[in-house]
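The sequence shown runs 92 to 815 under the working numbering. Where is the CB? At the ideal position from N, CA and C, for every residue including glycine. Below is one structure, written out as structure tokens; the observations come after it.
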Amino acid sequence: SNSVVEIKYDDGTKDALMASDTVSTDRARRIKAFDLTETTRHTFIKSKSVGIVNSEVNKKVKSIKLHKGFLPLPGGDVTLKCNRFLNLMATKHGIKVLATDYAYYANKEDKIVQTMRLEGANKLQPNLHMKTESEVHDYLTFTMNFNEGKTASIMNATDEWAATFNNFTLKYDWRLASVDGDPIRLAMDIIRKNGRMRWDDPIWVERLKEEINVIAKNPKKDLTAYFLPIRDVLNFYRENGQLTGPGRGSAGGSLFCYCLGITQVNPFKYDLPFNRFFSLDRIMMGKLPDIDVDLEDRELLVGPDGKSGYLYGRWGDKAAQISTRHTLRLKSTIADTNRYLKGKVEPEVSVFTKGLAAPPQGVTDGQLLFGYKDEDENHIPGLIETSEDLKKYAATRPEEWEIVQKAMGLTRAFSKHASAFVLSDIPIQDTVPTKEGNITQYEAKACEEAGLIKYDFLVVKQLKDARVCMDLINKRNGEKNETGYFTHRGTLTYVWDLPEVMGVFQSVWAGATESCFQIQSRSMTPFVIDILPKDIMDLASILAVDRPGPLDFIDPKTGRTMAAEWCLRHKGESQPDVKELFEILPKTHGLFIFQEDLTKIAKELAGFSGNEAELLRENMAKKKKVELMAMKPKFIEGASKKIDPAVAEEIWNQMETFGRYGFSIIHAVEYALITYACMFFKHYYPLEWWAAILTNAKEQEITGKFWPYVKDKVLPPDINLSSD
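Printed below as a string of structure tokens:
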């Protein structure tokens, strides 16, 4: 509260206490100063407590008064006194004077928005807007009492100082965590020690050389130091007996990452492309590498308090967690404004906001409200033009509507990004502002623009299931193996390089997918039953088709989703309808199943360059509708040189719908390996597997959440089903 309690004493002295400060009186041992204003019973103040400071008073009360706001300070305007002193000092030492001020928002009339965002807690703050030239002139002339020459001199000096920043741009170097020695030499030593690299195979050697040329020998910066901390974190987890994932995202296409031990997927085995992860073109465009890592949990990384663990123990203030922001959206802004002005959200406003449309993917709330231009510069109308309810709201509640327009899109609250971190060779706060010591005030994109490269450490609970199962297998065998290894039929076996056995695949054909990563869901199990997966790539395809992208696009000719059509084509029960698509995408039967399919079509059908094709895929994946609409004409024009324009339009629609949420083939393969590991343990080691599952499960999972529904009946597990 900004209320102040003024207490005058009989001896002529007085106190000004915040309403929340406490006092001891002749009638109360301890009471808030505000409560003194509620009654006249308190006639003597014994002591007062301001913050943590307690002091004796022992004076008789003459009067008590509550002030809503701040009491004027003795002697008047403190700011004015300071400014006069500074002017005297500048005159004495011959220093130029500049005019400046605090500003938290642009225009004077925006104050009400700032007050609303602060939930009314600081209504009495001064006008902290950006002062106009006229306001500055008036302050210098009429408050400071400078003559016109002095005022002009200060304003000219301010203009001269500001002019020194003309054409100023912030320049950031890419910051990488410090390593002990030459990064690429250290990396090569690790690769030789790990023993995964096939030095006698010229194809492997050429691929590794190509990747090192991009990562370490590009014209901009040796980025090897980005990779080494990831390898160190993963090693720390393994040394402490925790399992890490086979990989997540496009890094699985990198032989360099595989040989370093960052990923566990041999990219040659599954024909995974490196350029989906990184390329020289991307470096020249200022793009940074982005590796995601799956862990059992983050406690080893950052400690139970989120401020310790391996990450901060090793890198200290050179590590930080990235923040994320919650912004004021259209519906929440309308509700917050109404609550601020009326004290609560009125029922009619609540009903009105619920009836407003949500913005389509890739369209901001501002664009939804006010409209935007398409690729032909045509205006796409916003809700303020098309919604009669919104027009009525704006007309009948002009004060609220004015605030809504100003407030929408502003930051409402900060929080920590669950998995994103940055590392640097200097304290993070020397590059970007931080809060609470180890949280950036910038979000991920702004951190990257400031030269900090993001690390994502995510959690997949099935990793703990698999690790506990292996611990039990090793215990039964009387062995102590390195994390991730167990003896299977007399052979030391690695969890991410399991033998592909038909019996393991057949174990899920009838829909017994319970406890198996990803495929245990009600939506995924029917695909398993329909496809009858026979290898890792079949599993990867099933993981990819059961996503919003393939499921959302419905063929107007057949009425089938892209996912359903893929199943039919995979079984030979339907044939590709666009010859050109099938020729470019034979492995997916002429359909979009993986994100990489988008870039292939853009390059080979529409003639896009590699950079353009990758940008198209990225815009689709990130749902950037406005940017996509700008790229569409070029795609249609290029594709129309090989196929009918109507077919090109149809393909674009398929791409756009699929691209909103499609899996990378690399990510699908990586996750298929986790799925297969679950299937493998469940098939060969059911006792250990179910013991691990029940050890890690929550109560609601044990009571039925695991099991897929088949004909409205729960399919229970049978731990006796195990065969070769």
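{"Item": "CA nearest to the CA of residue 190, picked from 197, 201 and 177", "Value": "177"}
{"Item": "Pairwise C-alpha distance: residue 293 and residue 513", "Value": "36 Å"}
{"Item": "Reduced DSSP category for residue 143 - H, G, I as helix; E, B as strand; rest coil", "Value": "coil"}
{"Item": "Cβ pair residue 494, residue 428 closer than 8 Å", "Value": "yes"}
{"Item": "Alpha carbon of residue 477 to alpha carbon of residue 786, nearest angstrom", "Value": "55 Å"}
{"Item": "Beta-carbon proximity of residue 697 to residue 750, cut-off 8 Å", "Value": "no"}
{"Item": "Closest residue to residue 742 among 154, 681 and 775 (Cα-Cα distance)", "Value": "681"}
{"Item": "Where the beta strand (DSSP E) containing residue 413 begins and where it ends", "Value": "410-418"}
{"Item": "Endpoints, the beta strand (DSSP E) within which residue 504 is located", "Value": "502-514"}
{"Item": "Option nearest residue 135 by Cα separation, candidates 143, 118 and 123", "Value": "118"}
{"Item": "Residue of 116, 598 and 108 minimising C-alpha distance to residue 156", "Value": "108"}
{"Item": "Alpha carbon of residue 421 to alpha carbon of residue 203, nearest angstrom", "Value": "17 Å"}
{"Item": "Same chain, Cβ closer than 6 Å to residue 693, five either side skipped, listed in chain order", "Value": "699, 704 and 707"}
{"Item": "Under 8 Å between C-beta atoms of residue 748 and residue 644", "Value": "yes"}
{"Item": "Separation of residue 351 from residue 340, as counted between CA atoms", "Value": "17 Å"}
{"Item": "C-beta neighbour in chain C for residue 102, strict 8 Å", "Value": "Although the question refers to chain C, the structure presented lacks it and comprises just one protein chain."}
{"Item": "Residue 541 versus residue 412: straight-line alpha-carbon distance, rounded", "Value": "15 Å"}
{"Item": "Beta bridge counterpart(s) of residue 328 as assigned by DSSP", "Value": "Per DSSP, none; premise fails for residue 328."}
{"Item": "Secondary structure of residue 758, DSSP reduced to three states", "Value": "helix"}
{"Item": "Three-state class that DSSP yields for residue 225 in the structure shown", "Value": "helix"}
{"Item": "Ordered list of alpha helix (DSSP H) runs contained in the segment 719-780, each at least 4 residues", "Value": "736-750 and 756-775"}
{"Item": "With 16 other Cβ atoms within 10 Å as the buried cut-off, status of residue 300", "Value": "exposed"}
{"Item": "Straight-line gap, residue 819 to residue 435 (C-alpha atoms, nearest Å)", "Value": "No statement about residue 819 is possible, as the shown extent of the chain runs from 92 to 815 and does not include it."}
{"Item": "Pairwise C-alpha distance: residue 557 and residue 580", "Value": "18 Å"}
{"Item": "Whole-number beta carbon distance between residue 564 and residue 779, since they are thought to touch under 8 Å", "Value": "5 Å"}
{"Item": "Status (buried if at least 16 other CB within 10 Å, exposed otherwise) for residue 186", "Value": "exposed"}
{"Item": "Residue burial classification, residue 142 (beta-carbon count within 10 angstroms, cutoff 16)", "Value": "exposed"}
{"Item": "DSSP-derived helix/strand/coil call for residue 493", "Value": "helix"}
{"Item": "Spatial distance of residue 218 from residue 765 (CA atoms)", "Value": "58 Å"}
{"Item": "Residue 618 and residue 588 closer than 8 Å at C-beta", "Value": "no"}
{"Item": "Sequence-distant residues of the same chain with beta carbon closer than 7 Å to residue 810, five excluded per side", "Value": "With a pLDDT of 35 at residue 810, under the threshold of 50, the modelled position of this residue cannot be trusted, and the question is left open."}
{"Item": "Short Cβ contact (8 Å threshold) for residue 346 with residue 365", "Value": "yes"}
{"Item": "Helix, strand or coil at residue 136 according to DSSP, with G and I counted as helix", "Value": "strand"}
{"Item": "8 Å Cβ cutoff met for residue 620 and residue 600", "Value": "yes"}
{"Item": "Start and end residues, beta strand (DSSP E) containing residue 585", "Value": "582-585"}
{"Item": "Residue 566, enclosing alpha helix (DSSP H) - first and last residue", "Value": "553-568"}
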